[in-house]
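Asker: Chains A and B, in that order, give the protein sequences.
In our numbering, each residue carries its 1-based index in the first sequence increased by 76.
In our numbering, each residue carries its 1-based index in the second sequence increased by 1.
Positions of the beta carbon are idealized from the N, C-alpha and C atoms, including for glycine.
Please read these numbers as outputs of a predicted model, since none were measured by experiment.
First, the structure itself, so that you have it in front of you.
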Amino acid sequence: MIPEWDRNNVLPPIFPGEKGYSEKRSPYKADLLLFVETFATSQKRIEILSGLLDYRSAFHQLNVMKGFQWLDGSFMDNVEITEERPPNDIDVVTFLHIPNNEAQKEFFANHRHLFIPEETKKRFFCRCLSICTWTAINALGCEMDFLLV
Amino acid sequence: MRYKEYVSYRSEIAQLEEILSEIPDDRFIEKIGFESRLETARKAIEGIAPLPSPVYAKILFRGKPVIDTHAISASFATKATSKFTEVHSMIAASLSDNLRYMGPIPYKQKNDLLLTGIAVGSFGFEFEIPRLENESMLEELNFSELTMEKILQLFQLAADGSDDDIADLMTEIHPRVLKNSTDFLSYLSSQDAWFSLGFKQYTFRYESVTHLEQSIQRLKEDNIREFEKEFEGELQGILPGSRTFEFRLMDKQIIKGKVGSDIEDIDVFNRDFLYKAAKIHLHVVQYGTSKPRYSLRSVGDLVLA
Numbered sequence: 077m078i079p080e081w082d083r084n085n086v087l088p089p090i091f092p093g094e095k096g097y098s099e100k101r102s103p104y105k106a107d108l109l110l111f112v113e114t115f116a117t118s119q120k121r122i123e124i125l126s127g128l129l130d131y132r133s134a135f136h137q138l139n140v141m142k143g144f145q146w147l148d149g150s151f152m153d154n155v156e157i158t159e160e161r162p163p164n165d166i167d168v169v170t171f172l173h174i175p176n177n178e179a180q181k182e183f184f185a186n187h188r189h190l191f192i193p194e195e196t197k198k199r200f201f202c203r204c205l206s207i208c209t210w211t212a213i214n215a216l217g218c219e220m221d222f223l224l225v
Numbered sequence: 002m003r004y005k006e007y008v009s010y011r012s013e014i015a016q017l018e019e020i021l022s023e024i025p026d027d028r029f030i031e032k033i034g035f036e037s038r039l040e041t042a043r044k045a046i047e048g049i050a051p052l053p054s055p056v057y058a059k060i061l062f063r064g065k066p067v068i069d070t071h072a073i074s075a076s077f078a079t080k081a082t083s084k085f086t087e088v089h090s091m092i093a094a095s096l097s098d099n100l101r102y103m104g105p106i107p108y109k110q111k112n113d114l115l116l117t118g119i120a121v122g123s124f125g126f127e128f129e130i131p132r133l134e135n136e137s138m139l140e141e142l143n144f145s146e147l148t149m150e151k152i153l154q155l156f157q158l159a160a161d162g163s164d165d166d167i168a169d170l171m172t173e174i175h176p177r178v179l180k181n182s183t184d185f186l187s188y189l190s191s192q193d194a195w196f197s198l199g200f201k202q203y204t205f206r207y208e209s210v211t212h213l214e215q216s217i218q219r220l221k222e223d224n225i226r227e228f229e230k231e232f233e234g235e236l237q238g239i240l241p242g243s244r245t246f247e248f249r250l251m252d253k254q255i256i257k258g259k260v261g262s263d264i265e266d267i268d269v270f271n272r273d274f275l276y277k278a279a280k281i282h283l284h285v286v287q288y289g290t291s292k293p294r295y296s297l298r299s300v301g302d303l304v305l306a
């Protein structure tokens, strides 16, 4: 579940109504459909979400099937109210499992447009803050799900 | 760039460098994001000289308009803070010898305090003391800090000092400051409120509204006697920096006083009157039972005998 923005126009640190020690807290786990439904509230936001989908699709095409993403930045805030402007992009930290045990250096060299922040911002409206390879991803066994920060 | 922003970048750079040093070289992709961010942070502060740490003052209000640490009356907070900042501007102008007896406060905007946050303790505000653009970073105490020290000193002496202490302070600050300060205190008293002021290692605190009202009584105009008096003797000299004069009377007694800020050229006195028999017309201020304080307010107030 994704909570609504609080009175500070940001996602609350703990889900409303939950006790302070509750596990229902940020980062909130969400599936793609719920995330898009919640945040596709303007043309600009739809544009950014399309970019995010294209970004994820680019990884899928490389056979990256295991991982998750943290999403943050002004996209996750009610920036239309706090700063009277639409979001420009979405901040993304990606945790992924490189397929076929390819060496990182080669994987990067072959697909650098997915790793350089300036490139990902230009192509996908995604500010790629960091990408972490996750060798222990089997512990969660999740597909390219993502969490909200 | 603000100091906090600069420090934040420096901190981020240090953290990123540490993270990168711990990532093995073959973890190429993981390094990219951190390296990109490190480059961004370094570029952001490239060429920016290290900034001095800002200095803060904290004013905390207590009394009827304050509800513990929860809230403060908005109208009270607005008015009280505004009156306080006016005291600051006026003292700043007075210390720079720019304050006149009437008219707008000079350089008010330049000396304006910056409200940077809520102060915890009761309910109050944190101010950043502005540093003027051309002020040397090597100076131990900048002008705005000196102003804040004088404010503290003023209220401390008004509360607990002797009449002579207050009279001494009055030679440094313009009489308009006193009226302004009394206005601020009187407003607080009318709202059944009092305050404490903290700056660096100094804190001054009124214990109650009664304590504050005692200061108002001491600073009130009817506790100050002002009159004009003429003396005969010889001018011994005027110091240009402190604008202090010495005048030897006929009975050899020395009167010391200040040359008023309205007199721009004080060299004329040393040039035309030094060691010559003269009559001097002085403005005398006597605070409570303190010794009188003398000031020379006009060039025409010193004439050859």
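Using DSSP with H/G/I as helix, E/B as strand and the rest coil, what is Q137(A)?
Answerer: helix
Asker: Report the rounded CA-to-CA distance for S98(A) versus I90(A), giving the unit in angstroms.
Answerer: In this structure, the alpha-carbon of S98(A) lies about 7 Å from that of I90(A).
Asker: So what does F115(A) bridge to, in DSSP terms?
Answerer: Per DSSP, none; premise fails for F115(A).
Asker: Quick check: what's the CA-CA separation for I217(B) versus L179(B)?
Answerer: 10 Å
Asker: Just to confirm before moving on: does the CB-CB distance between F126(B) and I60(B) stay below 8 Å?
Answerer: yes
Asker: Just grab the DSSP bridge partners of E227(B) for me.
Answerer: Per DSSP, the beta-bridge partners of E227(B) are V286(B).
Asker: Can you pull out the residues from the region 32–52 of chain B whose beta carbon lies closer than 8 Å to at least one beta carbon of chain A?
Answerer: I33, G34, F35, S37 and R38
Asker: For S137(B) and chain A, any beta-carbon pair shorter than 8 Å?
Answerer: Caution applies to S137(B), whose pLDDT of 49 falls short of 50 and renders its modelled position unreliable; the value that the coordinates give is listed next. Chain A, which has no Cβ nearer than 8 Å to the Cβ of S137(B), makes this no.
Asker: Count the CB pairs spanning the region 2–12 of chain B and the region 163–178 of chain A that are closer than 8 Å, and state whether there are at least three.
Answerer: no
Asker: Where does Q254(B) sit, in a helix, a strand or coil, going by DSSP?
Answerer: Residue state, collapsed to three classes: coil.
Asker: Closest Cβ-Cβ distance between I207(A) and chain B: below 8 Å?
Answerer: yes
Asker: Using a Cβ-Cβ cutoff of less than 6 Å, which residues in the same chain neighbour E94(A) once the five nearest sequence positions on both sides are dropped?
Answerer: Within the same chain, E94(A) has close Cβ partners K100.
Asker: If you follow the alpha helix (DSSP H) that Y7(B) is part of, which residue opens it and which one closes it?
Answerer: Y4 to E23
Asker: From the beta carbon of I30(B), is the nearest beta carbon of chain A less than 8 Å away?
Answerer: yes
Asker: For the candidate residues L240(B), A58(B) and I33(B), whose alpha-carbon lies nearest to that of G258(B)?
Answerer: With distances taken between Cα atoms, G258(B) lies closest to L240(B).
Asker: Residues of chain B with a CB under 9 Å from the CB of E193(A): which are they?
Answerer: Reading the sequence as shown, one finds Pro at residue 193(A) and not Glu. In chain order: I33, G34, S37, R38 and T41.
Asker: By Cβ distance, which residues of its chain are closer than 6 Å to I213(A), with the 5 residues on each side in sequence left out?
Answerer: With a pLDDT of 49 at I213(A), under the threshold of 50, the modelled position of this residue cannot be trusted; read the value that follows with caution. Only K142 and H173 meet the Cβ criterion.
Asker: So K84(B) packs on D184(B), CB below 8 Å; how close in whole Å?
Answerer: 6 Å
Asker: Would you be able to state if there are at least three C-beta pairs under 8 Å between the region 19–35 of chain B and the region 186–204 of chain A?
Answerer: yes
Asker: What three-state label does DSSP hand D167(A) in the structure shown?
Answerer: Residue state, collapsed to three classes: strand.
Asker: Where A310(B) and G199(B) are concerned, what is the direct C-alpha to C-alpha distance, given to the nearest angstrom?
Answerer: In the structure displayed, chain B extends from 2 to 306; residue 310(B) sits before or after that span and is not available.
Asker: Do you know offhand how far A306(B)'s Cα is from E235(B)'s?
Answerer: 9 Å
Asker: Would you verify that the beta carbon of C202(A) is, or is not, closer than 8 Å to some beta carbon of chain B?
Answerer: no
Asker: Locate the beta strand (DSSP E) running through A106(A), then write down its first and last residues.
Answerer: Where A106(A) is concerned, the enclosing beta strand (DSSP E) stretches over Y104 to A106.
Asker: Using a Cβ cut-off of 8 Å (strictly closer), state whether D27(B) contacts chain A.
Answerer: yes
Asker: Please report whether the beta-carbon of Q180(A) lies at a distance below 8 Å from any beta-carbon of chain B.
Answerer: It does; some Cβ of chain B falls within 8 Å.
Asker: F77(B) to T117(B), Cα distance in whole Å?
Answerer: 18 Å
Asker: Pick from P88(A), I78(A), T209(A) and Y104(A): whose alpha carbon is nearest that of W146(A)?
Answerer: Y104(A)
Asker: Using 8 Å as the limit for Cβ to Cβ distance, is F151(A) near chain B?
Answerer: no
Asker: Under 7 Å between beta-carbons, which chain B residues line up against F183(A)? List them in chain order, please.
Answerer: Those within 7 Å of F183(A) in chain B are I30.
Asker: Using the Cβ count rule (16 or more neighbours within 10 Å means buried), how would you classify E265(B)?
Answerer: exposed
Asker: Determine whether the beta carbon atoms of F274(B) and L250(B) lie at a separation below 8 Å.
Answerer: Between F274(B) and L250(B), the C-beta spacing is not below 8 Å.
Asker: Considering just the uninterrupted stretch of the beta strand (DSSP E) at A194(B), what are its terminal residues?
Answerer: In this chain, the beta strand (DSSP E) harbouring A194(B) covers A194 to F200.
Asker: Quick check: what's the CA-CA separation for I92(B) versus Q192(B)?
Answerer: Rounded to the nearest angstrom, the two C-alpha atoms are 24 Å apart.
Asker: To which residues does DSSP link F274(B) through a beta bridge?
Answerer: Its beta-bridge partners do not exist; DSSP assigns none.
Asker: For Y180(A), count neighbouring Cβ atoms within 10 angstroms of its own Cβ and tell me buried if that reaches 16, exposed if not.
Answerer: The amino acid occupying residue 180(A) in the given sequence is Gln; Tyr does not appear at that position. Classification for Q180(A): buried.
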